[in-house]
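Q: Be aware that the sequence shown starts at 127, since it is given in our numbering, and climbs by one per residue. Cβ atoms here follow ideal geometry from the backbone N, Cα and C, with glycine treated the same way. First the structure, then my questions, so here it is.
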Amino acid sequence: MEHLVQLMLPISFGVITSIFTFLFFEKKAIETKRYNEKENEKNNISLSENFKRYDTDRNVRNYSLVMLVFTLFVSYFAFFTQGLNLIDVFVYIFLTTFIGSAIIFALKIRKSILVKVFASFLYGAPLIASSIFGFLISYIIYANLK
127 MEHLVQLMLP ISFGVITSIF TFLFFEKKAI ETKRYNEKEN EKNNISLSEN
177 FKRYDTDRNV RNYSLVMLVF TLFVSYFAFF TQGLNLIDVF VYIFLTTFIG
227 SAIIFALKIR KSILVKVFAS FLYGAPLIAS SIFGFLISYI IYANLK
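As structure tokens, then:
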């Protein structure tokens, strides 16, 4: 129970940071799509063309990199200096992703189910991957420094 109390601040900080970072890159994607639609007339486009219009790959990559750097920061100050263990890391990753995905889902409540699911996926999948890599990298670095 004590570990859960110690995790509340990092989880809250992680959810807030990841949501605002995701919304920032989502805004950039929408602006890119609007710019591309002004440049080209709207035709029947394929799904891959739609990804290009939103510049999805670059925005997801940048979102992942920001969250990786954030995870490296959080892993040191919130986990390794506090003596939290691997289970606490998994709880952090799960709760941050679950709570954040639920918030993204709620923010998109008036959108279609496809948009809600897709936005939640684009939020959760990079967050999980970057969090895992961030904790792994920081563990390797900090374990060798001890």
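Write down the C-beta distance between Phe205 and Val195 rounded to the nearest angstrom, noting that I regard them as a contact closer than 8 Å.
A: Position 79 of the sequence shown, counting from 1, holds the residue named residue 205. Position 69 of the sequence shown, counting from 1, holds the residue named residue 195. Contact doesn't hold; Cβ gap of about 15 Å is too wide.
Q: Return the CA-CA distance between Phe231 and Phe148, expressed in angstroms with no decimal places.
A: Against the sequence shown, residue 231 aligns to sequence position 105. Against the sequence shown, residue 148 aligns to sequence position 22. In a straight line, the C-alpha of Phe231 is about 13 Å away from that of Phe148.
Q: Roughly how many angstroms separate the alpha carbons of Phe199 and Lys154, rounded to a whole number?
A: The sequence position of residue 199 within the sequence shown is 73, counting from 1. The sequence position of residue 154 within the sequence shown is 28, counting from 1. For Phe199 and Lys154, the distance between alpha carbons rounds to 25 Å.
Q: In whole angstroms, give me the CA-to-CA distance for Lys159 and Thr182.
A: Walking along the sequence shown from the start, residue 159 turns up at place 33. Walking along the sequence shown from the start, residue 182 turns up at place 56. Spanning the two alpha carbons is a distance of roughly 10 Å.
Q: Would you call the CB atoms of Leu253 and Ser144 closer than 8 Å?
A: Against the sequence shown, residue 253 aligns to sequence position 127. Against the sequence shown, residue 144 aligns to sequence position 18. Their beta carbons are under 8 Å apart, which means Leu253 touches Ser144 by this criterion.
Q: Determine, using beta carbons only, whether Ser201 and Ser264 come nearer to each other than 8 Å.
A: Residue 201 sits at position 75 when you count from the first residue of the sequence shown. Residue 264 sits at position 138 when you count from the first residue of the sequence shown. Against a cut-off of 8 Å, the Cβ pair of Ser264 and Ser201 comes out as a contact.
Q: Residues in the same chain with beta-carbon distance under 8 Å from Leu210, minus the five sequence neighbours each way, listed in chain order, please.
A: Locating residue 210 in the sequence shown gives position 84, counting from the first residue. So the list reads His129, Gln132, Leu133 and Ala204, once near-sequence residues are dropped.
Q: I'd like to check one pair, Tyr218 with Ile137: are the Cβ atoms closer than 8 Å?
A: Within the sequence shown, residue 137 is the residue found at index 11, counting from 1. Within the sequence shown, residue 218 is the residue found at index 92, counting from 1. It is a contact, given that the beta carbons lie within the stated cut-off.
Q: DSSP on Lys234, reduced to helix/strand/coil?
A: Here residue 234 refers to the residue found at position 108 of the sequence shown. It is coil, neither helix nor strand.
Q: Starting from Asp181, trace the alpha helix (DSSP H) both ways and give me its first and last residue.
A: Walking along the sequence shown from the start, residue 181 turns up at place 55. Unbroken run through Asp181: none, as it is neither H nor E.
Q: His248: buried (16+ other C-beta within 10 angstroms of its C-beta) or exposed?
A: Numbered from its first residue, the sequence shown carries residue 248 at position 122. Before going further, note that residue 248 is Leu rather than His in the sequence given. So Leu248 ends up on the buried side.
Q: DSSP state of Leu210, grouped into three classes?
A: Taking the sequence shown and counting its residues from 1, one reaches residue 210 at position 84. Looking at Leu210 - three-state DSSP - the assignment turns out to be coil, as it is neither helix nor strand.
Q: With 16 other CB atoms within 10 Å as the buried threshold, where does Ala269 fall?
A: The residue given as residue 269 occupies position 143 in the sequence shown. Ala269 is exposed by the Cβ-count criterion.
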